[in-house]
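Notes follow the structure.
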Amino acid sequence: MKKEELPQDESALASMTKELMYVKDKDGKYTTDLSTGWDVKKQALDNAWDDIKERTEEARIAVKNGEKSPIYYFMELRLMDFPVLSGYTGFWAFTIKRHMKPNVFKSLSEKKLAIYAKAFEISVEDLKNFKGSLEVDSRQQ
Amino acid sequence: MSIMEKQFKHIQAAHCENGVATSLLRYHGLQFMTEPLAFGMGSGIFYLHIPFLTISNGPAITYRSMPGWIFSRTCKSLGVKVHREKFRSEEAAVKFLDQKVKEGVPVGCQVGVFNLPYFPPEYRFHFNAHNLIVYGKENGNYLISDPVMETVTHLSEEDMLKVRFAKGPLAPKGHVYFPEEVGIVTDEMIKKGIIKGIKRSSRDMLHIPGNIGGVAGIKYTAKKIRIWRDKLGPRKAGLYLGQIVRMQEEIGTGGGGFRFLFAAFLEQAHQYVKQDQLLELSEEFTKAGDLWRASAVNMGRIYKGRLNEQKDFEESADLLIQISDIEKQAFIKLSKIKLD
Numbered sequence: 355m356k357k358e359e360l361p362q363d364e365s366a367l368a369s370m371t372k373e374l375m376y377v378k379d380k381d382g383k384y385t386t387d388l389s390t391g392w393d394v395k396k397q398a399l400d401n402a403w404d405d406i407k408e409r410t411e412e413a414r415i416a417v418k419n420g421e422k423s424p425i426y427y428f429m430e431l432r433l434m435d436f437p438v439l440s441g442y443t444g445f446w447a448f449t450i451k452r453h454m455k456p457n458v459f460k461s462l463s464e465k466k467l468a469i470y471a472k473a474f475e476i477s478v479e480d481l482k483n484f485k486g487s488l489e490v491d492s493r494q495q
Numbered sequence: 236m237s238i239m240e241k242q243f244k245h246i247q248a249a250h251c252e253n254g255v256a257t258s259l260l261r262y263h264g265l266q267f268m269t270e271p272l273a274f275g276m277g278s279g280i281f282y283l284h285i286p287f288l289t290i291s292n293g294p295a296i297t298y299r300s301m302p303g304w305i306f307s308r309t310c311k312s313l314g315v316k317v318h319r320e321k322f323r324s325e326e327a328a329v330k331f332l333d334q335k336v337k338e339g340v341p342v343g344c345q346v347g348v349f350n351l352p353y354f355p356p357e358y359r360f361h362f363n364a365h366n367l368i369v370y371g372k373e374n375g376n377y378l379i380s381d382p383v384m385e386t387v388t389h390l391s392e393e394d395m396l397k398v399r400f401a402k403g404p405l406a407p408k409g410h411v412y413f414p415e416e417v418g419i420v421t422d423e424m425i426k427k428g429i430i431k432g433i434k435r436s437s438r439d440m441l442h443i444p445g446n447i448g449g450v451a452g453i454k455y456t457a458k459k460i461r462i463w464r465d466k467l468g469p470r471k472a473g474l475y476l477g478q479i480v481r482m483q484e485e486i487g488t489g490g491g492g493f494r495f496l497f498a499a500f501l502e503q504a505h506q507y508v509k510q511d512q513l514l515e516l517s518e519e520f521t522k523a524g525d526l527w528r529a530s531a532v533n534m535g536r537i538y539k540g541r542l543n544e545q546k547d548f549e550e551s552a553d554l555l556i557q558i559s560d561i562e563k564q565a566f567i568k569l570s571k572i573k574l575d
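These protein sequence lines map, in sequence, to chains A and B.
Under the numbering used here, the first sequence has 372 at position 18, and the numbering climbs by one with no breaks.
Under the numbering used here, the second sequence has 481 at position 246, and the numbering climbs by one with no breaks.
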């Protein structure tokens, strides 16, 4: 890539830094230059976030309909997957999957709930009482 | 008698681990060190597509070797002894770091980015192999040199603990590392380290067993891309392509999935190893990097939703085949150059 071809598009990264890229100068030698971003990348990241939001919304509805426990919703909300949540809680993936069943969730001990609450950085009350409503939105109105 | 006081200097790099390696080695007197040299001597270039595994609900692809290897290999080549430590207890991890800070030793730290406050929220995923340098402490805040940033920053004790003890795959477990003993490094040692790095990269890219790594791995991805649209549906297939582009171009690669960085390495290697073919091959890798960029543009058209036909996926796959061939030829030539 030539120095003059380095994209300088808008990106979320701009609030933190410009990123260093390796480009060729006019003599054909490698040098570095700073870039504010690249539209192609930004679009990929934006799409990934749209997907995350969609997954979180689906999870919220699943909790609301009584199909899943709040653990499922907060896992999605915190961008976690099973290996990550497993790391934070110490529970195996299949145990977590069980805890995502509303009936099993109801019978979880306070101790286990506290472990999940800590992993999601919320209170045990917020975890227990999450019914899949758009509480955050209604509070903002 | 004059005592030269060592002064830590922040250096911005494309990639965090290269950057930590470059800054720490320079701090210890190895002024010749540059990011491309660290990357090349540490054989950072690689390709791996792990089947049946998804990361953030997308394909698991990497363009570089395992986290930690670049620094270890580069230091080993230069006879630099590295101290590494991981911790089970958070208290012990804090105590160790604070002790080093008190001694005035800049320390490399592995951290998770999910709770890294100075990262924009859009970039905070559960990625646990980010690297930064702690070079001091002021008013209870750690002074931080994060190599991907233009300037230095800081972290509170609380945030520092959180990012050092992020959990999940590649959990840092408080991992700290720093050069312990740096001896005299001769040009001959640098030359040998460069040759070793080149040989190892050629071997990794050409001869890794199986069909998912090295230049063969790039073809494997191409094969997958051809079936994604039918198998996953246009939307999800598009998201998968987006993930490839992010792995390839997001902050840390220097562009073109580290290929420009590798080309820059070969150019710098020529200063130590007088073999003009290195410059020609540097050009080949620039070409590969340019094609990776073109491939990203192509994939971008798909996930932006402008084109989303099977033939567009085929086109993307064809480009990867072309890249795989170019890199294969270049690495074969590279492995055959007489370097010593």
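Using N, Cα and C, we set each Cβ at its ideal position, and we do this for glycine too.
This one's a predicted model, so the numbers in the text were calculated from it and none came from an experiment.
Rounded to a whole number of angstroms, what is the C-alpha to C-alpha distance between Ala447 (chain A) and Ala471 (chain A)? 17 Å
Under 9 Å by beta carbon: chain B residues contacting Gln397 (chain A): Gly477, Val480, Gly535, Tyr538, Lys539
Which of the three DSSP states, helix, strand or coil, is assigned to Phe497 (chain B)? helix
Can you pull the chain A residues whose beta carbon is under 8 Å from the beta carbon of Arg528 (chain B), in chain order? Met355
Excluding the five sequence neighbours on either side, which residues of its own chain have a C-beta within less than 7 Å of the C-beta of Leu272 (chain B), listed in chain order? Phe500, Gln503
State the DSSP-derived secondary structure class of Phe331 (chain B), mapped to helix, strand or coil. helix
Which chain A residues sit within Cβ distance under 8 Å of Asp525 (chain B)? Met355
Looking at the unbroken alpha helix (DSSP H) that takes in Glu479 (chain A), where does it start and where does it end? 478-483
Using the Cα positions of Met384 (chain B) and Pro355 (chain B), report the straight-line distance between them to the nearest angstrom. 12 Å
Three CB pairs or more closer than 8 Å across the segment 466-480 of chain B and the segment 241-253 of chain B: no
Less than 7 Å separating the beta-carbons of Ser258 (chain B) and Ile368 (chain B)? yes
Taking Cβ-Cβ distances shorter than 8 Å, what residues in chain A pair up with Val383 (chain B)? Thr371, Glu373, Leu374
Residues near Asn533 (chain B) in its chain [Cβ-Cβ closer than 8 Å; skip 5 each side]: Asp547, Glu550, Ser551, Leu554
Length of the line joining the Cα atoms of Lys372 (chain B) and Val336 (chain B): 7 Å
With a Cβ-Cβ cutoff of 7 Å, do Ile561 (chain B) and Tyr282 (chain B) count as a contact? no
Can you list the residues of chain B that Lys380 (chain A) reaches, using a CB-CB cut of under 9 Å? In chain order: nothing, as chain B lies at least about 15 Å away.
Runs of alpha helix (DSSP H) lying entirely within the segment 390-451 of chain B, each at least 4 residues, in chain order: 392-399, 422-442
Cβ contact check for the segment 503-523 of chain B and the segment 412-430 of chain A: 3 or more pairs under 8 Å: no
Three-state class that DSSP yields for Asn366 (chain B) in the structure shown: strand
With 8 Å as the C-beta to C-beta threshold (strictly closer), list the residues of the segment 555-570 of chain B near chain A in chain order. none
For Asn253 (chain B), which residues does DSSP report across the bridge? Looking at the DSSP assignment, Asn253 (chain B) forms no beta bridge with any residue, so it has no partner.
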